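Residues in the sequence shown are numbered from 12 upward in steps of one, following our numbering.
C-beta: ideal position from N, C-alpha, C; glycine also.
Predicted model, so just to flag it, every value in this text is computed and none were measured.
Report on the structure given below.
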Amino acid sequence: MILVCGGAGYIGSHTVHLLSRGGFEVCVLDNMQKGHAESIGGFKLYRGDLRDGGVLDTVFGENKIDAVVHFAANSLVGESVREPLKYYDNNVAATMNLVSAMLRHNVKKIVFSSTAATYGEPERVPIFEDDRTLPTNPYGETKLAIERMLKWCDAAYGMKSVCLRYFNAAGAMPDGSIGEDHNPETHLIPIILQAALGKRPYIEVFGDDYPTADGTCVRDYIHVIDLADAHILALRHLLDGGDSRIYNLGAGNGYTVRQIIEAARRITGIDIPEKTAGRRPGDPAMLVASSDKIKAELGWEPGYSLDDIISSAWLWHKTHPHGF
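See the structure below:
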């Protein structure tokens, strides 16, 4: 049995479905702060918080858990700057509680959802796993703290982990059954598609004076299904006795904000309005991953293009204009 923490959220729910298709038994623990029960259908769901040791002991006591896939976290960069203690509590303290419960129940394999925000402003592009980690916000800092905690837990207790540093997750299940539903929405592609649907008057472009092709930020977009596949490969690596690892996850291609908007206009056939605003503090000009390491070691290959990402997201948003 695989326990997926935060499994009713965006990336978690896609991973739950793919785990099941891959032959795994799955149960989900989610406090439903951001999750949607509809996204996981009939899978076993425990509604509870990682900071509640009693809930964790119930989950581990009622199920024979072989490994944990851990998505549960607060993840808004701006909010983390305003409320750093919220992020240390919900990200670091909650994960410490989870790991303590795992040790109490002799579960020593965890796949951890980390982030490219651990790097901060990159020294080079593309970014490699051994590049300097110097986060520019508490969100990235808390994820890096968890990575380091897991490293020391391996040294002390033999707990094996795979930490996946992803870049910009986007897209939806290709059949349109589940997708991205955040409130408030902060991710670029769903915001653009909300503007296409008339749910917001325009898409706001934060900064057009970066040292990039058109002055807007460059990001690396990865389809949520490719991301879920990587989690399953990481899980199999651990279940097969593999050692702890850290991997980047990205497509390896960078697109500017304006290139994403133009692609969305082409795919939707809608002239999506845009407005330019000032830069947001803490936004690096360019974040693009090298995923060579996970490709070489685990055989991962992204299978979806930018057009696939936007097309699948558009299908989800058209058929679920109000989310779940």
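Pairs of beta-carbons, one from the segment 179–195 and one from the segment 234–248, closer than 8 angstroms: are there three or more? yes
Does DSSP classify Met-297 as helix, strand or coil? Three-state DSSP puts Met-297 in a strand.
Kindly indicate which residue of Ile-320, Glu-152 and Asp-68 has the alpha-carbon position closest to the one of Met-113. For Met-113, the nearest C-alpha among the options comes from Asp-68.
When DSSP builds the beta bridges, which residues end up paired with Phe-217? According to DSSP, which records beta bridges pairwise, Phe-217 is partnered with Ala-288.
Can you list the beta strand (DSSP E) stretches of 3 or more residues lying completely in the segment 179–238, in chain order? Runs found: 179–181, 214–217 and 229–234.
Note down the Cα distance separating Ile-200 from Pro-133, rounded to an integer number of angstroms. 23 angstroms
For Tyr-221 and Thr-197, what's the separation of their Cα atoms in angstroms? 20 angstroms
Beta strand (DSSP E) runs contained entirely in the segment 89–138, provided each spans 3 or more residues: 120–126
Three CB pairs or more closer than 8 angstroms across the segment 20–28 and the segment 165–174: no
Residue environment, His-333, which counts as buried when at least 16 other CB atoms sit within 10 Å: By the neighbour-count definition (other C-beta atoms within 10 Å, threshold 16), His-333 is an exposed residue.
Where Gly-131 falls, given that 16 or more other Cβ within 10 Å makes a residue buried: buried
Could you pull out every residue in the same chain whose Cβ sits closer than 7 angstroms to the Cβ of Leu-208, ignoring the five residues on either side in sequence? His-328 and Pro-332
Considering only residues of the same chain and omitting the five flanking positions on each side of Thr-227, which have a CB-CB separation below 7 angstroms? Taking C-beta separations shorter than 7 angstroms and ignoring five residues to either side along the sequence, the partners of Thr-227 in its chain run Val-216, Gly-218, Asp-219, Tyr-221, Thr-267, Val-268 and Arg-269, following chain order.
In this structure, what does DSSP give as the bridge partners for Gly-265? Looking at the DSSP output, Gly-265 shares a beta bridge with Asp-231.
Spell out the partners DSSP gives Asn-259 in its beta bridges. Arg-176
In this structure, how does DSSP classify His-331 when only helix, strand and coil are distinguished? His-331: coil per DSSP, three-state reduction.
Inspect the CB distances between the segment 317–325 and the segment 250–257 and report whether three or more fall short of 8 angstroms. no
Kindly confirm or deny that the segment 85–96 and the segment 147–156 touch, where touching means at least three C-beta pairs closer than 8 angstroms. yes
The segment 64–79 / the segment 269–289 touching (three or more Cβ pairs under 8 angstroms): no
Bridge partner(s) assigned by DSSP for Tyr-57: Its beta-bridge partners are Leu-40.
Under 8 angstroms by Cβ, that's how I've got Ser-301 and Pro-137 pegged, so tell me the actual separation to the nearest angstrom. About 4 angstroms separates the two Cβ atoms, so the contact holds.
Give a yes or no on whether the C-beta atoms belonging to Ala-127 and Leu-298 are separated by under 7 angstroms. yes
State the beta-bridge partners of Ala-78 as determined by DSSP. Paired residues: Ile-13.
Given this structure, state the Cα-to-Cα distance separating Ala-262 from Pro-146, to the nearest angstrom. 22 angstroms
Length of the line joining the Cα atoms of Asp-100 and Asp-231: Taken atom to atom, the span from the alpha-carbon of Asp-100 to that of Asp-231 is near 29 angstroms.
Could you give the first and the last residue of the continuous alpha helix (DSSP H) run that contains Glu-49? Neither: Glu-49 is in no alpha helix (DSSP H) and is coded neither H nor E.
According to the Cβ coordinates, are Glu-273 and Tyr-213 closer than 7 angstroms? In this structure, Tyr-213 does not lie closer than 7 angstroms to Glu-273 by Cβ.
Flag this pair as yes or no: are the beta carbons of Phe-54 and Val-27 separated by less than 7 angstroms? Between Phe-54 and Val-27, the gap from beta carbon to beta carbon is short of 7 angstroms.
For Phe-35 versus Ile-13, is the C-beta spacing smaller than 7 angstroms? yes
Measure the C-alpha to C-alpha separation of Met-107 and Ile-283 and round it to an integer number of angstroms. 44 angstroms
In whole angstroms, give me the CA-to-CA distance for Cys-174 and Cys-16. 15 angstroms
According to DSSP, simplified to helix, strand and coil, what is Leu-145? strand
Nearest-angstrom Cα separation, counted from Leu-326 out to Phe-335: One C-alpha to the other measures close to 14 angstroms.
Among Val-70, Lys-120 and Leu-40, whose alpha-carbon lies nearest the alpha-carbon of Leu-249? Lys-120
Is there a Cβ from chain B that is less than 7 angstroms from the Cβ of Ile-281? Annotation note: the requested chain B is absent from the structure, which comprises a single protein chain.
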